[in-house]
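Enquirer: One structure coming up, written as structure tokens, with questions to follow.
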């Protein structure tokens, strides 16, 4: 059984590798034609997609999933329409493949060009949301990569129904049907095989919670691009504008509490804490945020009878993904920087200040993927950065950091032209 | 014992992480001052370095190493002088840190800049050459990365003597001494700990043979940048110029047979094999190269009594690193491309042709880090590409592909400036 699965997954990877070589040199028009066909097929298959999803929802009920878990699985006509739109949007994005990154001529006359090419074969390991199969397939396809998709057990019927539409779209455009393949089992043994097929698969992207990412990282020999959680900070400096501090902090915390780029941690300079903190706290509490405070901030809030609780040590490194914020008073921008570099997840951190020198010090010193000055951490996002779409927000420092768009789904190669130059 | 080692290595990594934050914002002048001081210290420590190396050589003799193995370990005054020069050369290279990669302003007024920053903490795992400690330390230092060095047992005394010079050079320039640390043991348990310290170490670069790289890849949770072997091809097209084909093939094969960018495999288009192959074969044999032939090429050479042997299947994917070349006749450029994409290590592959259309097809279709037209695969090298120095030639497709210079030892981060913009 396990040997059969290994054989099955190996064959999928070999076919993906072969397809990737065709896709790497496929014209943009063919990739876009496949995407537009896929958009039509999704729209015209709404009933079948909803029926497949209904089977997953029935299984969820039978297995006693919570309402929140079930909601994450649920496909609706509105969500299908949004997916159709997102496929069309990716078709409209510029093709990253073939872009000239550098073009130099060496003293010996060699012309060396560095051009963007697809990575090759990308494995995507994901959990239970019904949009991920299509989201990932279309970004890989547009960037010229073959993809191997392995979704969660809870959403297997829905994923299978979506994946069944893709070969037709590919063939319609003259592209190899093996360019997008769903692994037809959620058996762990199949996943374990995939994670070690480094001769055919060039990159694994796990999309899901920390335990999934740790499992993949711990078992893969294929390189992994990670999208870990966000423990994001807002630091209100001594020279912060009070109104700006209030609105940015509230936005960073409450605009969407479940997002990885939402703020979880608030630092306030001690010179302004007395004046600023009550105002910010009241604004957060008005949005239903609970505050978990250090001694310094608790003393200030207590004097004004503003509700709060005492923070634990764990709170200062927590990703709450909820209406909760930990609060600390710090004595300088350097302490803020050191605190963030120690306790944040190096994802998205902001300073609010009117002092440019302090801002520059913070921007340089905070070792995070995106550092914000007088604006919300919520902007760390592929759409907001103008990438058009994203496969995730990388917390790695190799290859891609921050939002990963089509460009970050590519590698490069060197093309070297000569007329008989020899190495001396 | 093993727990003690884990604690030792963890403490090294924690100190490296702290040092990396200082180094990331260190001025170029300080990094260069440390490098110039190091160059002086190496030059003035020649006797101590040679004495340390003599202890390694005595151990090598006692352990029965071969002459070739012992030669690889040997430090000489000439090699020390070369090392001093290479340190000065890295000091003279431009600092990659802080380079602005993009600067855009979004419709909402947010200014988003992408700037080059160090990766952070880099672990280098290497084998027995005496120059690697300094080579890697200086490239990491110049690119603002803290480094943790773990060299081979056979060269431990030499490595320790080199590493002992570095803290003085760093302190002299006001930089943290922990920015470069040698692990003071070659115990495997220490290495195993290092490979899993992903909370402090951001990247591992193994420099050595395939078995070392496979061990590191199989055991690391820290991302690994790999520098695998080169199974490099030269394809002589139907439209090849005979003289150019001869000199480039001989250079690619014999300029330095032990290099990863040396050619191991020769493909010849069948339309010109009869005319071209005897000439190329004689030129290679004159340079002491043995030819291992397929049936088609063997028949041609046999008719002219040119020495050769029959190739085995393994020869067609072999990295000989020796005066040996496998030879096959192919029926088209497309067969050449498919053969290379199947049998090469995607490192460095060349076409020799006067036909530009064929050359463009080959350059686009061959899925390798560097593809050459009418020039030698031996040019896939950081110095030859103008990078100034390299830490290796990456065979990965993520982060860096081909020569890795200072720029490839960096990551980037986003700096986002606003005036109160909120996410809607």
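Residue numbers (our numbering), protein chains in the order written: chain C, 130 to 553; chain Y, 130 to 553.
Glycine residues also receive a C-beta, built at the ideal position from the N, C-alpha and C atoms.
(1) Take residue 307 of chain Y as the anchor and find which of Y:532, Y:164, Y:152 has the nearest alpha-carbon.
(2) Counting only C-beta atoms, is residue 380 of chain Y closer than 7 Å to chain C at any point?
(3) Excluding the 5 residues preceding and the 5 following residue 210 of chain Y in the sequence, name in chain order all residues of the same chain whose CB lies nearer than 7 Å to its CB.
(4) Taking only beta-carbon positions, decide if residue 548 of chain Y is within less than 7 Å of chain C.
(5) Using a beta-carbon distance cut-off of less than 8 Å, what residues from the segment 515-534 of chain Y approach chain C?
(6) Helix, strand or coil for residue 450 of chain C per DSSP?
(7) Measure from the alpha carbon of residue 311 of chain C to the alpha carbon of each residue in C:359, C:321, C:318, C:293, then state which is nearest.
(8) Answer yes or no: does any C-beta atom of chain Y fall closer than 7 Å to that of residue 352 of chain C?
(9) Give the residues from the segment 191-222 of chain Y that approach chain C closer than 9 Å (Cβ to any Cβ), ordered along the chain.
(10) Beta-carbon within less than 6 Å of residue 505 of chain Y's beta-carbon, same chain only, minus the 5 sequence neighbours each way: which residues are those?
(11) Would you list the residues sitting across from residue 276 of chain C in a DSSP beta bridge?
(12) So, is residue 258 of chain Y buried or exposed, given that buried needs 16 or more other C-beta atoms within 10 angstroms?
(13) Mind the definition here: the segment 248-266 of chain Y touches the segment 322-330 of chain Y only if three or more C-beta pairs lie below 8 Å; say whether that holds.
(14) Could one say the Cβ of residue 476 of chain Y lies closer than 7 Å to chain C's Cβ atoms, at least one of them?
(15) How many Å lie between residue 219 of chain C and residue 361 of chain C at the Cα?
(16) Given 8 Å as the limit, is there contact between the segment 384-398 of chain C and the segment 346-361 of chain C, that is, 3 or more CB pairs closer than that?
(17) Going along chain C, which residues have a C-beta under 7 Å from residue 241 of chain Y?
(18) Looking at the secondary structure, which residues open and close the beta strand (DSSP E) in which residue 361 of chain C lies?
(19) Thinking just about the alpha-carbon of each residue, which of Y:145, Y:418, Y:240 is nearest to the one in residue 548 of chain Y?
(20) Given that a residue counts as buried once 16 or more other Cβ atoms are within 10 Å of its Cβ, and exposed if not, what is residue 498 of chain C?
(21) Where does residue 382 of chain Y fall in DSSP's three states?
(22) Taking any Cβ of chain Y, which residues in the segment 321-332 of chain C have a Cβ under 8 Å from it, in chain order?
(23) If you measure from the beta carbon of residue 234 of chain Y to each beta carbon in chain C, is any gap under 7 Å?
(24) Residue 367 of chain Y and residue 400 of chain Y - do their beta-carbons sit closer together than 7 Å?
(25) Which residues in the same chain have their Cβ closer than 6 Å to the Cβ of residue 301 of chain Y, if we skip the five residues on either side of it in sequence?
(26) Could you tell me which whole alpha helix (DSSP H) segments of length 4 or greater appear in the segment 138-192 of chain Y?
(27) Does DSSP put residue 268 of chain C in a helix, a strand or coil?
(28) Count the other CB atoms within 10 Å of the CB of residue 545 of chain Y; is the residue buried (16 or more) or exposed (fewer)?
(29) Of the choices Y:213, Y:298, Y:160, whose alpha-carbon is the least far from that of residue 172 of chain Y?
(30) Can at least three beta-carbon pairs, one atom from the segment 523-538 of chain C and one from the segment 522-540 of chain Y, be found at a separation below 8 Å?
(31) Of all the options Y:419, Y:243, Y:429, which has the alpha carbon lying nearest to the alpha carbon of residue 452 of chain Y?
(32) Below 8 Å on the Cβ atoms is my contact criterion, and I expect residue 481 of chain C with residue 363 of chain C to pass it. Report the Cβ-Cβ distance as a whole number of Å.
(33) Would residue 446 of chain C pass as an interface residue toward chain Y - the criterion being a Cβ-Cβ separation below 7 Å?
(34) Does residue 248 of chain Y come within less than 7 Å of chain C when only Cβ atoms are used?
(35) Quick one: what's got a C-beta closer than 8 Å to residue 238 of chain C's C-beta in the same chain, skipping five residues either side?
(36) Alpha carbon to alpha carbon, how far is residue 216 of chain Y from residue 467 of chain Y?
Expert: Checking against the coordinates, here is how it stands:
(1) On the second chain, position 178 is the one that residue 307 of chain Y refers to. Selected option, being the one with the closest Cα: Y:152.
(2) For the purposes of this step, residue 380 of chain Y is taken as residue 251 along the second chain, with counting starting at 1. True, the Cβ-Cβ gap to chain C drops below 7 Å.
(3) In the second chain, residue 210 of chain Y corresponds to position 81, counting from 1. Counting only residues of its own chain and dropping the five nearest sequence neighbours on each side, residue 210 of chain Y has no CB closer than 7 Å to any other CB.
(4) By 1-based counting over the second chain, the position of residue 548 of chain Y is 419. Interface residue, yes.
(5) 515, 525, 526, 527, 528, 530, 531
(6) By 1-based counting over the first chain, the position of residue 450 of chain C is 321. DSSP places residue 450 of chain C outside both helix and strand once states are collapsed to three, so it counts as coil.
(7) As a working mapping, residue 311 of chain C is identified with position 182 in the first chain. For the residues C:359, C:321, C:318, C:293, the minimum Cα distance to residue 311 of chain C belongs to C:293.
(8) As a first step, residue 352 of chain C is located in the first chain; it is residue number 223 there, counting from the start. Closer than 7 Å: yes.
(9) The segment 191-222 of chain Y vs chain C, Cβ under 9 Å: nothing.
(10) For the purposes of this step, residue 505 of chain Y is taken as the residue at position 376 of the second chain. Taken in chain order, the residues that qualify are 377, 380, 381.
(11) The residue given as residue 276 of chain C occupies position 147 in the first chain. The partner list for residue 276 of chain C (beta bridge, DSSP) reads C:251, C:309.
(12) On the second chain, position 129 is the one that residue 258 of chain Y refers to. By the 10 Å Cβ count, residue 258 of chain Y comes out buried.
(13) yes
(14) The residue you call residue 476 of chain Y lines up with position 347 of the second chain. Judged by the 7 Å Cβ criterion, residue 476 of chain Y is not in contact with chain C.
(15) Looking up residue 219 of chain C in the first chain gives position 90. Looking up residue 361 of chain C in the first chain gives position 232. Rounded to the nearest angstrom, the gap between the Cα atoms of residue 219 of chain C and residue 361 of chain C is 29 Å.
(16) yes
(17) Here residue 241 of chain Y corresponds to residue number 112 of the second chain, with the count starting at 1. Within chain C, the residues near residue 241 of chain Y are 514.
(18) Position 232 of the first chain, counted from the start, is the residue given in the question as residue 361 of chain C. Taken as a continuous stretch (DSSP letters only), the beta strand (DSSP E) holding residue 361 of chain C covers 361-365.
(19) In the second chain, counting from the first residue as 1, residue 548 of chain Y sits at position 419. Selected option, being the one with the closest Cα: Y:240.
(20) Walking along the first chain from the start, residue 498 of chain C turns up at place 369. Its Cβ being crowded by 16 or more others within 10 Å, residue 498 of chain C is buried.
(21) Translated into the one-based positions of the second chain, residue 382 of chain Y becomes position 253. Three-state result, residue 382 of chain Y: helix.
(22) 327, 331, 332
(23) Indexing the second chain from 1 puts residue 234 of chain Y at position 105. Not closer than 7 Å to any Cβ of chain C, the Cβ of residue 234 of chain Y fails to qualify, so no.
(24) Along the second chain, one-based indexing puts residue 400 of chain Y at 271. Along the second chain, one-based indexing puts residue 367 of chain Y at 238. Yes. Within cutoff.
(25) The sequence position of residue 301 of chain Y within the second chain is 172, counting from 1. These residues qualify, in order along the chain: 166.
(26) DSSP runs (the alpha helix (DSSP H)) wholly in the segment 138-192 of chain Y: 157-173, 175-191.
(27) Locating residue 268 of chain C in the first chain gives position 139, where the first residue counts as 1. Residue state, collapsed to three classes: helix.
(28) Taking the second chain and counting its residues from 1, the one referred to as residue 545 of chain Y is at position 416. With 16 or more other CB atoms across the displayed protein chains lying within 10 angstroms of its CB, residue 545 of chain Y is buried.
(29) The residue you call residue 172 of chain Y lines up with position 43 of the second chain. Nearest option by C-alpha distance: Y:213.
(30) yes
(31) Indexing the second chain from 1 puts residue 452 of chain Y at position 323. Distance check between residue 452 of chain Y and each of Y:419, Y:243, Y:429 places Y:419 closest, using alpha-carbon atoms only.
(32) Here residue 481 of chain C refers to the residue found at position 352 of the first chain. Here residue 363 of chain C refers to the residue found at position 234 of the first chain. At roughly 7 Å, the Cβ-Cβ gap stays under 8 Å, so residue 481 of chain C and residue 363 of chain C are in contact.
(33) On the first chain, position 317 is the one that residue 446 of chain C refers to. No, no contact with chain Y.
(34) Within the second chain, the letter at position 119 stands for residue 248 of chain Y. Answer yes: the Cβ-Cβ gap between residue 248 of chain Y and chain C drops below 7 Å somewhere.
(35) As a first step, residue 238 of chain C must be located in the first chain, where it is residue number 109. Cβ within range, chain order: 547, 548, 550.
(36) Here residue 216 of chain Y refers to the residue found at position 87 when the second chain is read from its first residue. Here residue 467 of chain Y refers to the residue found at position 338 when the second chain is read from its first residue. Between residue 216 of chain Y and residue 467 of chain Y, the alpha-carbon positions lie close to 42 Å from each other.
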